[in-house]
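*Asks:* This is the structure, below, for whatever I ask next.
2 protein chains.
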Amino acid sequence: MSAKRQLTLNLFIYPGGHHEAAWRHPNSSPDDLLDIAFYQDLAKRAEEATFDSLFFADGPVLADNIRYASRFRVEPITWLAAIAGVTRSIGLIATASTTYFEPYNLARLFASLDHLSRGRAGWNIVTTSAGQAAQNFGLSEHPAHTERYERGREFVELITKLWDSWEDDAVAADQASGLFADTSKIHFVDHIGRHFRVKGPLNIPRSPQGRPVYVQAGSSEDGRLFAAQYAEAIFTAHQTIESARNFYADIKKRAAAFGRHPDHVKILPGISPFIGSTEAEARRLEEEFDALIQPDYSLTQLNRMLGIDLSSFDLDGPFPRHLLDRDGAIGVASRFQLVADIIDRENPTIRQLIQRLAGGRGHYVKAGTPEQIADEIQLWFENGAADGFNVMPPWLPGGFDVFACEVVPLLRKRGLFRDHYEGTTLRDHYGLPRPESLFATPVRASA
Amino acid sequence: MSAKRQLTLNLFIYPGGHHEAAWRHPNSSPDDLLDIAFYQDLAKRAEEATFDSLFFADGPVLADNIRYASRFRVEPITWLAAIAGVTRSIGLIATASTTYFEPYNLARLFASLDHLSRGRAGWNIVTTSAGQAAQNFGLSEHPAHTERYERGREFVELITKLWDSWEDDAVAADQASGLFADTSKIHFVDHIGRHFRVKGPLNIPRSPQGRPVYVQAGSSEDGRLFAAQYAEAIFTAHQTIESARNFYADIKKRAAAFGRHPDHVKILPGISPFIGSTEAEARRLEEEFDALIQPDYSLTQLNRMLGIDLSSFDLDGPFPRHLLDRDGAIGVASRFQLVADIIDRENPTIRQLIQRLAGGRGHYVKAGTPEQIADEIQLWFENGAADGFNVMPPWLPGGFDVFACEVVPLLRKRGLFRDHYEGTTLRDHYGLPRPESLFATPVRASA
């Protein structure tokens, strides 16, 4: 056991990489983006670097700017199951929507992933922000933010009961007596709520971790409340250490108010590192990527975050601040504030704002030497801004390799990051307890 | 290319094996039933035996007789994705319900499975017969048989459009011009039906097979119509070659009436073989398994198939034929007729009927030498009863190994079965065409 507090590192895999023009760069291989071997190789490298976990975003709708970028979405649970087949230790976190899945189906998909990966599954719980998703599910309109979170809470309460519906020792498999399962340890969940009515039990025995690790990424007021109550890890976007510290303190306090141990909520800000042997070289690399940006793509992204169509404005003119509807943000709520803060702080032209956001869609982009990146990580980690990082390589796989080969050894040398896995499950890596079943019967005194 | 018509062989994997008491037999390893390595090893052996495919059944509800047998259900799409990671050629068929999935979600799960397996996915289309499933999805009652099939047809029409919504060459990935996808080749499906309203397109490029192979297993009137119209392979249960021949001729005729090529509907009856070096040894093996039957379990199975509670009857008394409601079968419709035929033909006691059904839940159980099993397969194959078989080992993995080692070489020697894979996809193995997208634009003359 390490005595020193350890960083949690997650690899966030985005087809092509996180820079919005990454797929166009000669370092990228856009022909491999649907090839499972590409992702399996990447996962093996992340496992060699003893990363805690890797992660895929998701949403049940096609991005309307697919013309310009590799924004298709393979389904992450299946994708991670194929990755589980060629890895042994690394955690596997899939995004899935509480608005557009049926709880019983999703409970089965994750329970199976946790079984087949021997306890490495995590669920990034999202309510889906893209309104067009509704049209793929027969809804006349996308449920409002508050409504989605209300359904999300009921969904999590219900799916937790389903994952707990078999006590850990319900399977007897006693060949001699013929008792396969002790049905007194398998429970109906009998859930009756506003959104769901589910009897249960699940038809899969309890999985190695009991439940997958609950991950969350919303930073709106609803999102923070939800995260503080349920999330065991939070992916979050901050441009400055001050913003991250405020978020960190707020979430830990809220979690404690829910009676939770603050260490059981890992705060993982995103970082997208451009790494060079000098800072100037790193900046040149970032500029190479920025030169490949297609403004038509970027403007649709901005429109999504801010609810403003900027296509008729001069790219090199000032951002039209009067259009920011600060009271009625209709885009992705948590990103609205972040982008508005950048505009207030930096007063950029539209083109400058586009470049500012191209690397990580609002996440922190840092160009520097390996030492500078490691210093920044250490600074945030040791000053109440982060329990670790959601590492978002600008391009793949090279953008991850340079982090693994140049930055990870520095973090290890400083005693901040493991050089081997001590446990076998994602809960082990994150230092999270394995939850007991809600239905577990208290230990009886022996007769 | 083989000149001679070749058998299609599918391995039907049932946790523990197909004999209902298999998990109790010393040859079984009930502790491995949730261990993915057990299934991955089995898949590798099936691939060494050049089987066309392997298959998992499924249903979104826990069997009420789990006390007596290993009747949990891991989710098969995820399970097969993990198996895809360690195999290269064998087809991977997952069952999923048109009654209890959302089409957009299921389209994504299968498209991902087809991508990550490089074209090896198959979908066993079921409407779910177990009525209790409704209670896991907020429905006050399970939709009736005809209603389920109506929804199933609309589901298949819709999901086909989703899988076709990207033309094969829609992804350009042209780094120089910045064109990632040609949006003129990505289509809204704009489906508006009685059960679903889905705009599309799918958010995943078209998969290697275009669509997974469509498999079906219903044998009721609705099931046959559905199969003749959509299925490319049919799993079916017959106790006699006569019954199988009638079914075979009926389906091929119906398929032709739908304008389909009869060779593009593979008829695969189930066979559960007990194999011994003499017929007597094979029968002793079967008796060993039958001796482990728990009648309380078997009676719930019979109740499910016939809609009759026999628990108060003498097991060694005659089957109470007057209780058979031949006009209003409420159980699994296609199995009702099969079991009623056995009762009419053999006039068994209840215990004899239980033993008769224990091996394969109505599928054909055959005890014999490897030669006898191979003879039976050849007889059905060459006399209009089968295009191949759904092989259902009584126990696993040994029950499969003996078939692979003893029967497969005989089939090869007789020129009936491949000794290596000629293609790479499940469609290749089954000899099925790769469907063109419904939205494909006709080839234009070059300018």
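Each protein sequence line maps, in turn, to chains A and B.
Residue numbers for the first sequence follow UniProt numbering, beginning at 1 and rising by one.
Residue numbers for the second sequence follow UniProt numbering, beginning at 1 and rising by one.
Beta carbons are placed, not taken as given, at the ideal position from N, Cα and C, and that holds for glycine.
Rounded to whole angstroms, what is the Cα-Cα separation between residue 148/A and residue 195/A?
*Replies:* In the first sequence, residue 148/A corresponds to position 148, counting from 1. In the first sequence, residue 195/A corresponds to position 195, counting from 1. Whole-angstrom Cα-Cα distance: 11 Å.
*Asks:* Would you list, in chain order, the members of the stretch 72 to 85 of chain B that have their beta-carbon closer than 7 Å to a beta-carbon of chain C?
*Replies:* The chain inventory of the structure shown lacks chain C, comprising the protein chains A and B.
*Asks:* Who are the Cβ neighbours of residue 313/A in its own chain at under 7 Å, not counting the five residues just before and after it?
*Replies:* By 1-based counting over the first sequence, the position of residue 313/A is 313. Excluding residues within five positions, the ones whose Cβ falls inside 7 Å are 320, 350.
*Asks:* Entirely within the stretch 335 to 416 of chain A and at least 4 residues each: give me those alpha helix (DSSP H) ranges in chain order.
*Replies:* Taking only runs of at least 4 residues, the alpha helix (DSSP H) segments lying wholly in the stretch 335 to 416 of chain A are 350 to 358, 370 to 382, 398 to 402, 408 to 413.
*Asks:* Taking 7 Å as the limit between beta carbons, can you name the residues of its chain near residue 415/A, skipping five residues before and five after?
*Replies:* Within the first sequence, the letter at position 415 stands for residue 415/A. These residues qualify, in order along the chain: 4.
*Asks:* Going by DSSP in three states, residue 266/A sits in which element: helix, strand or coil?
*Replies:* Working through the first sequence from its first residue, we reach residue 266/A at position 266. Strand at residue 266/A.
*Asks:* Excluding the five sequence neighbours on either side, which residues of its own chain have a C-beta within less than 7 Å of the C-beta of residue 81/A, listed in chain order?
*Replies:* The residue you call residue 81/A lines up with position 81 of the first sequence. Excluding positions up to five away in sequence, the list reads 113, 116.
*Asks:* Just to make sure I have the definition right: I need the residues of chain A whose C-beta is within less than 7 Å of the C-beta of residue 55/B. Which are they?
*Replies:* Here residue 55/B corresponds to residue number 55 of the second sequence, with the count starting at 1. Those do not exist, as residue 55/B stays about 16 Å from chain A at its closest Cβ, beyond 7 Å.
*Asks:* If you follow the beta strand (DSSP E) that residue 179/A is in, where does it begin and where does it stop?
*Replies:* Reading the first sequence from its first residue, position 179 is the one you call residue 179/A. Segment 179 to 181, the beta strand (DSSP E) holding residue 179/A.
*Asks:* Could you name the residues of chain B that residue 183/A contacts, counting a contact when the two beta carbons are closer than 7 Å?
*Replies:* By one-based count along the first sequence, residue 183/A stands at place 183. Going along chain B in sequence order, the residues near residue 183/A (Cβ under 7 Å) are 66, 67.
*Asks:* Residue 241/B lies in the alpha helix (DSSP H); which residues open and close that run?
*Replies:* As a working note, residue 241/B is residue 241 in the second sequence. First-last of the alpha helix (DSSP H) with residue 241/B: 241 to 257.
*Asks:* Among 375/B, 439/B, 211/B, which residue has its Cα nearest to the Cα of residue 119/B?
*Replies:* Taking the second sequence and counting its residues from 1, the one referred to as residue 119/B is at position 119. The residue with the shortest Cα to Cα distance from residue 119/B is 211/B.
*Asks:* Per DSSP, what kind of secondary structure is residue 6/B in: helix, strand or coil?
*Replies:* Taking the second sequence and counting its residues from 1, one reaches residue 6/B at position 6. Coil at residue 6/B, not helix or strand.
*Asks:* Listing by chain order, which chain A residues have their CB less than 7 Å from the CB of residue 24/B?
*Replies:* One-based indexing of the second sequence puts residue 24/B at position 24. Here the neighbours are 175, 178.
*Asks:* For residue 238/B, which option in 104/B, 356/B, 100/B has the closest C-alpha, if you only look at C-alpha atoms?
*Replies:* The residue labelled residue 238/B in the question sits at position 238 within the second sequence. Nearest of 104/B, 356/B, 100/B to residue 238/B, Cα basis: 356/B.
*Asks:* Cα separation between residue 26/B and residue 15/B?
*Replies:* As a first step, residue 26/B must be located in the second sequence, where it is residue number 26. As a first step, residue 15/B must be located in the second sequence, where it is residue number 15. Cα to Cα, residue 26/B sits roughly 15 Å from residue 15/B.
*Asks:* Can you find the residues in the same chain that come closer than 6 Å, C-beta to C-beta, to residue 172/B, ignoring five residues on each side of it along the sequence?
*Replies:* Taking the second sequence and counting its residues from 1, one reaches residue 172/B at position 172. Taken in chain order, the residues that qualify are 179, 182.
*Asks:* Mind listing the chain A neighbours of residue 152/B? Cutoff is C-beta to C-beta under 8 Å, in chain order.
*Replies:* Position 152 of the second sequence, counted from the start, is the residue given in the question as residue 152/B. Here the premise fails: no neighbours, minimum Cβ distance about 17 Å.
*Asks:* For a test of the three-state rule: what should DSSP assign to residue 450/A, helix, strand or coil?
*Replies:* Not covered by the structure: residue 450/A. The range shown for chain A is 1 to 447.
*Asks:* Which same chain residues, not among the five before or five after residue 308/A, have their C-beta less than 6 Å away from its C-beta?
*Replies:* In the first sequence, the residue the question calls residue 308/A occupies position 308. Excluding residues within five positions, the ones whose Cβ falls inside 6 Å are 323.
*Asks:* Please identify, using Cβ separations under 8 Å, the residues of the stretch 186 to 203 of chain A that lie next to chain B, in order along the chain.
*Replies:* Residues 186, 196, 197, 198, 199, 200, 201, 202, 203.
*Asks:* When you compare each of 166/B, 361/B, 409/B to residue 375/B by their alpha carbons, which one comes out closest?
*Replies:* For this step, residue 375/B is matched to residue 375 along the second sequence. Comparing Cα positions, the closest option is 409/B.
*Asks:* Indicate the three-state DSSP secondary structure (helix, strand or coil) for residue 237/B in the structure shown.
*Replies:* As a position in the second sequence, residue 237/B is number 237, starting the count at 1. If DSSP states are grouped into helix, strand and coil, residue 237/B belongs with coil.
*Asks:* Would you tell me roughly how many angstroms separate the C-alpha atoms of residue 405/B and residue 399/B, rounded to the nearest one?
*Replies:* Sequence index remark: in the second sequence, residue 405/B carries index 405 (1-based). Sequence index remark: in the second sequence, residue 399/B carries index 399 (1-based). If I take the Cα positions, the gap works out to 10 Å.
*Asks:* Based on the DSSP output, what are the partners of residue 174/A in its beta bridges?
*Replies:* Taking the first residue of the first sequence as position 1, residue 174/A is located at position 174. 179/A.
*Asks:* Please return the same chain residues whose Cβ sits closer than 6 Å to the Cβ of residue 63/B, not counting the five positions on each side in sequence.
*Replies:* Locating residue 63/B in the second sequence gives position 63, where the first residue counts as 1. These residues qualify, in order along the chain: 71.
*Asks:* For residue 447/A, does the three-state DSSP call read helix, strand or coil?
*Replies:* By 1-based counting over the first sequence, the position of residue 447/A is 447. Caution applies to residue 447/A, whose pLDDT of 41 falls short of 50 and renders its modelled position unreliable; the model cannot decide the point.
*Asks:* Taking only heavy atoms of the ligand GDP into account, decide whether any of them is closer than 8 Å to the Cβ of residue 269/B.
*Replies:* As for the ligand GDP, it is missing from this structure, which has no ligand bound.
*Asks:* Quick one: list the residues of chain B neighbouring residue 389/A, beta-carbon separation under 8 Å, in chain order.
*Replies:* What you label residue 389/A is simply residue 389 of the first sequence in a count that begins at 1. Within chain B, no residue comes near residue 389/A; the closest Cβ sits about 28 Å away, beyond 8 Å.
*Asks:* Can you list, in chain order, the residues of its chain whose CB lies under 7 Å from that of residue 226/A, leaving out five sequence neighbours each side?
*Replies:* If you number the first sequence from 1, residue 226/A lands on position 226. Cβ neighbours of residue 226/A beyond the five flanking positions: 149, 152, 153, 216, 218.
*Asks:* Do the stretch 183 to 202 of chain B and the stretch 38 to 52 of chain A meet, that is, are 3 or more Cβ pairs less than 8 Å apart?
*Replies:* Touching, no.
*Asks:* If you follow the alpha helix (DSSP H) that residue 303/A is part of, which residue opens it and which one closes it?
*Replies:* In the first sequence, counting from the first residue as 1, residue 303/A sits at position 303. Per DSSP, residue 303/A belongs to the alpha helix (DSSP H) from 295 to 306.
*Asks:* Taking the continuous alpha helix (DSSP H) assigned at residue 124/A, which residues delimit it?
*Replies:* Indexing the first sequence from 1 puts residue 124/A at position 124. Where residue 124/A is concerned, there is no enclosing alpha helix (DSSP H), although the beta strand (DSSP E) it sits in stretches over 121 to 126.
*Asks:* Using 10 angstroms around the beta-carbon of residue 141/B, count the other beta-carbons present and answer buried if the total reaches 16, otherwise exposed.
*Replies:* Residue numbering aside, residue 141/B sits at position 141 when the second sequence is read from its first letter. Classification of residue 141/B: exposed, given that the 10 Å Cβ count is below 16.
*Asks:* Might you give, ordered along the chain, the residues of its own chain that have their beta carbon closer than 8 Å to the beta carbon of residue 241/A, omitting 5 neighbours on each side?
*Replies:* Counted from its first residue, the first sequence places residue 241/A at position 241. So the qualifying residues of the chain are 379, 380, 383, 385.
*Asks:* Could you tell me whether the Cβ atoms of residue 266/A and residue 387/A are closer together than 9 Å?
*Replies:* Counting from 1 along the first sequence, the entry for residue 266/A is found at position 266. Counting from 1 along the first sequence, the entry for residue 387/A is found at position 387. Closer than 9 Å, so yes.
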